[in-house]
Amino acid sequence: MAKVVGKVFRVVGPVVEMEEVQGLRMLDMVEVGESHLIGEVVRLKNDRAFVQVYEDTTSLKAGDLIYSEGFPLYVELGPGLLGNIYDGIQRPLQVIKEKEGVYISRGVHVTPLDHKKKWHFIPSIKTGETVSGGNVLGIVQEAPLVKHKILLAPDIQGKLSWIVPEGDYCLDDKIAAVWDKDKEKEVFMFQRWPVRKPRPYKERMPVNEPLITGQRVIDTLFPIAKGGCVAVPGGFGTGKTVIQHQIAKWSDADIVIYVGCGERGNEMTDVLLNFPKLIDPRTQRPLSERTIFIANTSNMPVAAREASIYTGITLAEYYRDMGYNVALMADSTSRWAEALRELSGRLEEMPLEEGFPAYLPSRLAEFYERAGKVDTLMGQNGSITIIAAVSPQGGDFSEPVTSHTKRFIRCFWALDRDLANARHYPSISWIDSYSEYIEDIKGWWHKNIDKQWLEYRLAIMELLQKEQRLLQVVKLVGPDVLPPTQRLILDVCSIFKNGFLQQVSFDKIDTFASARKQFLMLKVIILFYRRSEMLVKKGISVAEIRELPIYNEIMRMKQVYSEAQIDQLEDFSKKIEAILSELDF
Amino acid sequence: MKEHSLREYVGMEEVVGPIFVIRNIHNVGYNEVVEIVDKDGISKIGITLEVGKGMAVVQVLGGTSGISLNNCRVRFKEDALKVGVSEELLGRVFDGLGNPLDGMPKPLFDEQLDINGYAINPTAREYPKNIIETGISSIDVMNTLVRGQKLPIFSGSGLPHDMIATQIARQARVKNEDFCVVFAAMGVKYDTARFFIKSFEESGVLDRVAIFLSLADSPSIARLMTPKFALTAAEFLAFKKNMHVLVIMTDMSNYCEALRELSTIRGEIPARKGYPGYLYSDLASLYERAGMIKGINGSITQIPILTMPNDDITHPIPDLTGYITEGQIVLERELNSRGIYPPVAGLPSLSRLMKDNIGEGLTRADHPSLSSQLFSFYAHVKDIRALASIIGEEELSPLDHQYIKFGEEFEKRFLTQGYFERRTLEEGLDLGWDILSLLPKDELVRIKEADLKEHYKYRGDEV
Chain A
13 MAKVVGKVFR
23 VVGPVVEMEE
33 VQGLRMLDMV
43 EVGESHLIGE
53 VVRLKNDRAF
63 VQVYEDTTSL
73 KAGDLIYSEG
83 FPLYVELGPG
93 LLGNIYDGIQ
103 RPLQVIKEKE
113 GVYISRGVHV
123 TPLDHKKKWH
133 FIPSIKTGET
143 VSGGNVLGIV
153 QEAPLVKHKI
163 LLAPDIQGKL
173 SWIVPEGDYC
183 LDDKIAAVWD
193 KDKEKEVFMF
203 QRWPVRKPRP
213 YKERMPVNEP
223 LITGQRVIDT
233 LFPIAKGGCV
243 AVPGGFGTGK
253 TVIQHQIAKW
263 SDADIVIYVG
273 CGERGNEMTD
283 VLLNFPKLID
293 PRTQRPLSER
303 TIFIANTSNM
313 PVAAREASIY
323 TGITLAEYYR
333 DMGYNVALMA
343 DSTSRWAEAL
353 RELSGRLEEM
363 PLEEGFPAYL
373 PSRLAEFYER
383 AGKVDTLMGQ
393 NGSITIIAAV
403 SPQGGDFSEP
413 VTSHTKRFIR
423 CFWALDRDLA
433 NARHYPSISW
443 IDSYSEYIED
453 IKGWWHKNID
463 KQWLEYRLAI
473 MELLQKEQRL
483 LQVVKLVGPD
493 VLPPTQRLIL
503 DVCSIFKNGF
513 LQQVSFDKID
523 TFASARKQFL
533 MLKVIILFYR
543 RSEMLVKKGI
553 SVAEIRELPI
563 YNEIMRMKQV
573 YSEAQIDQLE
583 DFSKKIEAIL
593 SELDF
Chain B
1063 MKEHSLREYV
1073 GMEEVVGPIF
1083 VIRNIHNVGY
1093 NEVVEIVDKD
1103 GISKIGITLE
1113 VGKGMAVVQV
1123 LGGTSGISLN
1133 NCRVRFKEDA
1143 LKVGVSEELL
1153 GRVFDGLGNP
1163 LDGMPKPLFD
1173 EQLDINGYAI
1183 NPTAREYPKN
1193 IIETGISSID
1203 VMNTLVRGQK
1213 LPIFSGSGLP
1223 HDMIATQIAR
1233 QARVKNEDFC
1243 VVFAAMGVKY
1253 DTARFFIKSF
1263 EESGVLDRVA
1273 IFLSLADSPS
1283 IARLMTPKFA
1293 LTAAEFLAFK
1303 KNMHVLVIMT
1313 DMSNYCEALR
1323 ELSTIRGEIP
1333 ARKGYPGYLY
1343 SDLASLYERA
1353 GMIKGINGSI
1363 TQIPILTMPN
1373 DDITHPIPDL
1383 TGYITEGQIV
1393 LERELNSRGI
1403 YPPVAGLPSL
1413 SRLMKDNIGE
1423 GLTRADHPSL
1433 SSQLFSFYAH
1443 VKDIRALASI
1453 IGEEELSPLD
1463 HQYIKFGEEF
1473 EKRFLTQGYF
1483 ERRTLEEGLD
1493 LGWDILSLLP
1503 KDELVRIKEA
1513 DLKEHYKYRG
1523 DEV
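Order-wise, the sequence lines are chains A and B. So for the first sequence, the numbering used here puts the first residue at 13; every next one is plus one. So for the second sequence, the numbering used here puts the first residue at 1063; every next one is plus one.
In structure tokens, the structure reads:
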């Protein structure tokens, strides 16, 4: 039971200073005042403590009592997480809506998981076996395609004294007990874990597989590895959120955790309404069955925004520990950093650049280091990939959040204002972006798709770099003075930009491109360039090539060939070869 | 309000600007209402900004002039600040704190609502749908406004943002639907407020408008309350009375200035350009009150107007606004000086909710690709103009000349329209096609064959 641990001394916005503190530890969760608002201890001094409160503090008074159960802020982990939508401290928003109506009221206490729902549990070990933290006790079919492995909490080990037979149980039912040293510990289908403490694993593994997102500019030019971290910085209107949505929809992760951190309410609604309707191209099941949403919109309390990122990553770690590949979208980490700044200001801490606290970089580092590919305690590999949007103030990438984030990530998709203005989406700049994962994952492409992947990728990157230089010249003197081979480069890059990089998220065919389709499209363009270059060198004019019908067909192939018609792309490249050979006499 | 539990204190410790500190009090809640009565019996309203053991920091909404340290009576009301609402707000004019300015008595209120509102549960929201046809092509075709959207106008001093806002309010009226306007003016000059009221009058919607004015000469702190009063009224009209409410708030820059003023007086740590670190959260608490709710017919559509200091879009006010709102209509000084009205900048303007609400079955099948193509060509025109300014227009290729011609027609025929001209979406789209037809077919890479066949008639030879 929660006992009284102190009294309110002062209230400043979301920060409460308390006095007469007894027995509180750092980061303990507390309940403040008559309505039991949830908060967390962030500073202790003599008999005083500072608490950041996750709800609106209106009407709190000096002298109000503060209670605590002596736990840190935790999340509940167990079957029933998938498809749910939570606020920043894992309160289920749908349940709150049913209980409280359309507005979020204060002091609502509901368990994150439905403790009464029956799940069909199939044990996978027997009484008497020795078990340790992270071992699989049994399986629950959480969603049609997701087997939820019931894991022993990491801090328990010993001999299994009993386990229930196969059957339907709810979360409140004991399913097993373990003799740990000389105490029998009861085991349920759910466990609690403090959000700020990374869950343990056996060891970190090197990343070696790409997260296929179906977005060509990403997978082909700036790939992200499963277990990697990528930052997506961009000013407003450059399409951060659409990229996050696209990856949440089409990436080949097993589980997607979508954290809407201080963003728009309507965007969350869009996701919530759409995901149940969208069908995962690989499994033919609704996307919501593999997704967990965390929504702390910009008008919800700021302290909970700070916590939402940790809540998200802890849920991700839980599914990683079952051996799944998890993708975590955080939109946007800048709002999280701002929440940190706001709370730091209220705590009267010394500010650094632009008012951010000095510990901003270490907090960022802690967060990004929770991504990675690991050998889990249960002995299977699992991974967490973080795709973090950054909203730089004024679109300036040198501001503190962007520049510190760059130190902890290995992949950077810089969104470009000019591309966005020309409605070239995704507006990922091919000049400023980079990926350090290419060497790690090229093996996967070569093994699964084609050995020429890296060569083609380098070829097109080189053309884009050349084009960049040529465009400088064109800006000064116009394109007509360039020699034909260079004009051909401009043409091919224009095809590549319009026909490959630009991808229409609301077009049925174009919204997703499999790795194989991407490779074949790239191959078509490289082939076209190489054959044309030979022709141009022999004296055939660039205009003549441009007038060929295939020129336009290449530009439009992205919307013509669906995933089912991929093989026709092979025929298409043969056709190009044949037509270009005709010009060659 | 609980009238009986009033506790009254006399005397304060310190008064700075709009804030005072009072000690030796007890049982005072954070963010609650305080009434201050000076020795002449004049009463003012305040809110507790900070409470501690035996002390409170209070901001006085009416300004602290006339308040003295020892003969003011201070009453703590144990309740959040509330505003009375009813349908009778329509057709009336109030000051920033909800007192009538039009000489008529206070209307009868149905309800008293907390002015801070509550956050809408994201699972209870309805995704904005149904476009609002504003009759302005640069908005309808290029940056479609959707019911329940928050779409600000980013302007600069001297640009005709007020005209555009009133033109939208006049033309956006939906037939057979309960429609009303809530207008909040923060720190604007009397002339500006007068312009709005007059144009509401002329278009015959004045009886459907609730006006909240806190003009440039009223205390800056009142500006902080004005949008909250207005939005609380809007929420009542939309979600309790099922009306489609258009909220026009001008000028958000003045609101942010007032916030900065207050924050500085309180000695808070500033973030960028002296604005407090919570500017984003604070703006979000206003803008996020737009939207629709499942199962309720009404909606709140917001058009906040802000003047970018020095036309700088990276200034914290437009920057943070852009991160919260669903797009922005940016006005361009260069277009304005060339006499183009409305001077909606082609490229930086954006409506985020457009993509889900246009196209087949919603507006017209060719709408998405047409607008995308217009944007892309106009971006290219800007490049060519830059090139022409270096090498001279004569040196341009024939195709580039066609682009230049496209740019001219786009600005002179498509963007330009009269203050009283209402151009339907259909007309706007057709005009867009007419201008696109200046360019050869092969250039129109973003448009599908079927749409080309139906709408495209090449007339580039005229160039």
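C-beta atoms are modelled at their ideal positions from N, C-alpha and C, and glycine is treated no differently.
May I ask which residues mark the beginning and end of the beta strand (DSSP E) holding residue 273/A? 267-273
Which residues mark the beginning and the end of the beta strand (DSSP E) in which residue 1463/B is found? No beta strand (DSSP E) holds residue 1463/B; the alpha helix (DSSP H) holding it covers 1460-1471.
Here's the rule I'm using: 16 or more other beta-carbon atoms within 10 Å means buried, otherwise exposed. How should residue 1201/B be labelled? buried
From what residue to what residue does the beta strand (DSSP E) around residue 86/A run? 86-89
Any idea which residues DSSP pairs residue 41/A with across the strands? 52/A
Is the separation between the beta-carbon of residue 76/A and that of residue 46/A shorter than 9 Å? yes
In whole angstroms, give me the CA-to-CA distance for residue 221/A and residue 508/A. 25 Å
Specify the secondary structure class of residue 1496/B as computed by DSSP and reduced to three states. helix
Could you give the distance in angstroms between the alpha-carbon of residue 1154/B and the alpha-carbon of residue 1384/B? 31 Å
Three-state secondary structure (DSSP) of residue 1369/B: strand
Threshold first: 3 residues or longer. Then list the beta strand (DSSP E) segments lying entirely within the stretch 302-356 of chain A, N to C. 303-308 and 337-343
N- and C-terminal bounds of the beta strand (DSSP E) containing residue 1349/B: Unbroken run through residue 1349/B is the alpha helix (DSSP H), 1341-1349; no beta strand (DSSP E).
Taking any Cβ of chain B, which residues in the stretch 389-408 of chain A have a Cβ under 9 Å from it, in chain order? 403, 405, 406, 407 and 408
Presumed contact (8 Å Cβ cut-off) between residue 1090/B and residue 1108/B, rounded CB distance: Rounded, the Cβ-Cβ distance is 11 Å, inconsistent with contact.
Listed by chain order, chain B residues near residue 426/A by CB distance under 9 Å: The premise fails here: residue 426/A is roughly 17 Å from chain B at the closest Cβ pair, so nothing lies under 9 Å.
Hey, is residue 1449/B's beta-carbon within less than 9 Å of any beta-carbon in chain A? yes
My understanding is that residue 1122/B touches residue 1111/B, with C-beta atoms under 8 Å, so please give their C-beta distance in whole angstroms. That pair is no contact at about 11 Å.
Assuming residue 127/A and residue 183/A form a contact by the criterion Cβ under 8 Å, report the distance between their Cβ atoms to the nearest whole angstrom. 4 Å
In whole angstroms, what separates the C-alpha of residue 1138/B from that of residue 1094/B? 8 Å
Distance between residue 180/A and residue 301/A (C-alpha atoms, nearest Å): 21 Å
Roughly how many angstroms lie between the CA atoms of residue 1156/B and residue 1255/B, to the nearest whole one? 12 Å
Beta-ladder partner(s) of residue 615/A, from DSSP: Since the first residue of chain A shown is 13 and the last is 597, residue 615/A is not available in this structure.
Does the beta carbon of residue 1086/B sit closer than 9 Å to a beta carbon anywhere in chain A? no
If we count the other Cβ atoms within 10 Å of its Cβ and call it buried at 16 or more, is residue 156/A buried or exposed? exposed
Taking the straight line between their C-alpha atoms, what separation do you get for residue 98/A and residue 104/A? 4 Å
Pick helix, strand or coil for residue 1134/B, following the three-state DSSP scheme. coil
Bridge partners for residue 132/A per DSSP, in chain order? 180/A
By alpha-carbon positions, which one of 1430/B, 1471/B, 1381/B and 1390/B ends up nearest to residue 1365/B? 1390/B
For a cutoff of 9 Å on Cβ pairs, would you count residue 1414/B as touching chain A? yes
Going along the chain, which residues of its own chain have a beta-carbon closer than 7 Å to the beta-carbon of residue 1531/B, five neighbours each way excluded? Since the first residue of chain B shown is 1063 and the last is 1525, residue 1531/B is not available in this structure.
If we count the other Cβ atoms within 10 Å of its Cβ and call it buried at 16 or more, is residue 1187/B buried or exposed? buried
Looking at residue 352/A: is its Cβ nearer than 9 Å to the Cβ of residue 375/A? yes
Among the candidates 1426/B, 1129/B, 1455/B and 1392/B, whose CA atom is the shortest distance from the CA of residue 1205/B? 1392/B
Is residue 65/A closer than 9 Å to residue 28/A when the C-beta atoms are compared? yes
In chain order, what residues of the stretch 357-372 of chain A put their CB closer than 7 Å to some CB of chain B? 357, 363, 366 and 367
Following the continuous alpha helix (DSSP H) through residue 17/A, name the residue where it begins and the one where it ends. Taken as a continuous stretch (DSSP letters only), residue 17/A belongs to no alpha helix (DSSP H), being part of the beta strand (DSSP E) at 15-24.
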